[in-house]
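Residue numbers (the UniProt record's numbering): 1 to 277.
We put the CB at the ideal spot given by N, CA and C, even for glycine.
Working notes, structure below.
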Amino acid sequence: MSAAIRAGLARGIIELRHGLADFQEWAFNLIVIGSLVVVLWFQRDSTVEGTTLPLAALTLPSLAGLMIAYGGFLAMSSSLAYDREDGTLLRAKATPNGIVGYLVSRIVYTAATALITIVVMLAAGRIIVDDLTVDWLVLAWVVVLGLASVLPWGAMIGARTRSSASSTGLTFLILGGLVGISGIFYPVTAMPGWLQAVAQVFPMYWLGHGVRAALLPDAAAAAELGGEWRLWQAAGVIGAWAVAGMLLAPAVLRRMARRESGSTVQASKQRIMSRGY
C-alpha cells in the first residue's frame, strides 16, 4: 500500500508538470478566472448595504471559495469519469493496489491545480480590490479542509455516472444550485430565512465565509449572518462533509473498480463514437 501511495504521488507530480507545460490544459481555467474578474470589475464601485465595504471586496473571497469547490469537485468527477471511459482505470485495476495509486495521483494533480487557480485568481482580483488583509493561517486551513470536503464527493460522482459528459453535467447542476443559494454573487443575508438555513448545511457557503474571514477586515463581519466570523462553525460543517466523503468514497470506488472490465470500456468507447466525438 505504501508503495502504491508513493507511486501515486510521483505520478501526480509528473502529470502536474506536463499539465503546466500544456496551455490547453489551462485555457478553460483562465477563461473562468477572466470571467470572474470581469464580475469584480463591474462591482468595484458598489458597496455592501449598511457598510462602506466595496461589493467586489466581499465577492472576491466568495469566488475563491467557489474555486475551491469547483477545482476539487468538478475536476475530480470529470477526470475520473473520463478515465473510466478510456480504460485508464481498467489498466490501474490490473496492477497491485493500482486503484490506490491512481486515486492518489488524481488527488495530487487536482488539488495542486485548484491551488494554482485560486492563487492566480486572488492575484488578479487584488488589482481591482484594495480592501484585503490576509490571515494566512485561516486561509491555509480553509483551502486544505475545503479541498478535502469536495474531492471525495467529486470522485463518487465520477464513479457513479456512466460517462464523462453526464458526470460534468450533473456536477455543474449541483454546483449551480449551491452557488445560487450560498451568497457567492448575492449577499446571503438578503435571502429568505429558510434559504439561509439550507445554504448553511452545505460546505459552499462556509468556504466563502472562511475565505472572507481570512481576507477581509474584522469590520466586514457585520455583513455576515449573525454579524460575526463563525470559523468554528465553518470548520465543523466543512470537516463533517470531508469526513463523510472520506468514509463513503472508498466503498463507492471499490464497487466501481470491481465493475470495470474490457466489455464496459468497449461499451463506453462505442457510446463516445455514437455521439460523434
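With 16 other Cβ atoms within 10 Å as the buried cut-off, status of I31: Exposed: under 16 other Cβ atoms inside 10 Å.
Helix, strand or coil at P192 according to DSSP, with G and I counted as helix: coil
Can you grab the Cα-Cα spacing for the pair V138 / A214, in whole Å? As the crow flies, the alpha-carbon of V138 is around 5 Å from that of A214.
First and last residue of the alpha helix (DSSP H) that includes L90? T88 to K93
Start-to-end residues for the alpha helix (DSSP H) that takes in S2: S2 to A21
Can you say whether E228 is buried or exposed, counting buried as having 16 or more other CB atoms within 10 angstroms of its CB? Exposed is the call here.
Between the Cα of V104 and the Cα atoms of Q196, A197, L216 and S2, which residue gives the shortest distance? Cα-wise, what sits closest to V104 is S2.
Are A64 and I128 closer than 7 Å when you measure CB to CB? no
What are the uninterrupted segments assigned as alpha helix (DSSP H) that are 4 or more residues long and contained completely in the segment 121-187, given in chain order? 136-160 and 164-181
Closest residue to A165 among L90, F42, S78 and L58 (Cα-Cα distance): S78
Buried or exposed, going by whether 16 or more other CB atoms sit within 10 Å of the CB of I14? exposed
What is the residue span of the alpha helix (DSSP H) that P203 lies within? Unbroken alpha helix (DSSP H) run through P203: P203 to L215.
Can you tell me whether H209 is buried or exposed? The criterion is at least 16 other CB atoms within 10 Å of its CB, across all chains shown. buried
Quick one, which of R160, W206 and V142 has its alpha-carbon nearest V179's? Distance from the Cα of V179 is smallest, within the candidate group R160, W206 and V142, for W206.
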